[in-house]
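Enquirer:
Residue numbers (this note's numbering): 800 to 946.
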């Protein structure tokens with residue numbers, strides 16, 4: 800399982816690279832319902848990508864800095880372990896999201912959402928980052944850990 804976890808940490812390094820650019824416009828913090836939708840929609844796209852082996856939609860819907868720094872193949876390679884183990888997380892739709900105490904913050908235009916979701920086979924910890932582009936929150940970084 801240590802190799803499994805290392806694979807996911809590799810994605811953090813891959814996806815969390817901060818790319819300089821023009822000034823960011825500070826967007827408003829989404830309300831609780833909007834945050835839950837962001838979390839679940841992102842994790843279900845991630846699940847679909849892992850099950851299908853097709854990461855192009857997850858990649859295409861991500862923020863521009865994410866797309867510029869990570870090819871579709873790089874994203875697929877980072878989550879190879881999930882694919883190889885056929886990890887399925889659909890049941891998150893029926894589970895409560897438990898945000899970390901400091902898991903819902905915004906800094907310099909980056910929305911950080913982190914927490915846990917208890918599932919029948921796993922306890923999933925997620926760390927997601929989003930950037931607002933054209934008024935829409937888009938995936939900027941993703942880190943997942945299953946125990």
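C-beta: ideal position from N, C-alpha, C; glycine also.
Among the candidates 881, 861, 918, 919, whose CA atom is the shortest distance from the CA of residue 743?
Expert: This structure leaves residue 743 out entirely; the chain is present only between 800 and 946.
Enquirer: Under the assumption that residue 921 contacts residue 893 (Cβ atoms under 8 angstroms), give the Cβ distance between them as a whole number of angstroms.
Expert: Sequence index remark: in the chain shown, residue 921 carries index 122 (1-based). Sequence index remark: in the chain shown, residue 893 carries index 94 (1-based). No, residue 921 and residue 893 are not in contact; Cβ-Cβ is about 14 angstroms, not under 8 angstroms.
Enquirer: Quick one: grab the DSSP three-state call for residue 939.
Expert: Position 140 of the chain shown, counting from 1, holds the residue named residue 939. Note: residue 939 maps to strand in three-state DSSP.
Enquirer: Near residue 914, which residues of its chain fall below 7 angstroms by C-beta distance, leaving aside the five closest residues on each side in sequence?
Expert: Numbered from 1 along the chain shown, position 115 holds the residue referred to as residue 914. So the qualifying residues of the chain are 896, 897, 898, 899, 902, 925.
Enquirer: Of the choices 916, 868, 875, whose alpha-carbon is the least far from that of residue 848?
Expert: For this step, residue 848 is matched to residue 49 along the chain shown. The shortest C-alpha separation from residue 848 is found at 875.
Enquirer: Does the beta-carbon distance from residue 930 to residue 837 come in below 8 angstroms?
Expert: Here residue 930 is taken as the residue at index 131 of the chain shown, counted from 1. Here residue 837 is taken as the residue at index 38 of the chain shown, counted from 1. Contact flag unset, no.
Enquirer: Going by alpha carbons, who is nearest to residue 909 out of 859, 941, 873, 832?
Expert: As a working mapping, residue 909 is identified with position 110 in the chain shown. It is 941.
Enquirer: Compute the Euclidean distance between the alpha carbons of residue 859 and residue 904, then round it to the nearest angstrom.
Expert: Counted from its first residue, the chain shown places residue 859 at position 60. Counted from its first residue, the chain shown places residue 904 at position 105. When rounded, the distance between both Cα atoms is 25 angstroms.
Enquirer: Which residue wins for smallest C-alpha separation from residue 853, given the options 938, 917, 871, 842?
Expert: On the chain shown, residue 853 is found 54 positions in, with the first residue counted as 1. Nearest of 938, 917, 871, 842 to residue 853, Cα basis: 871.
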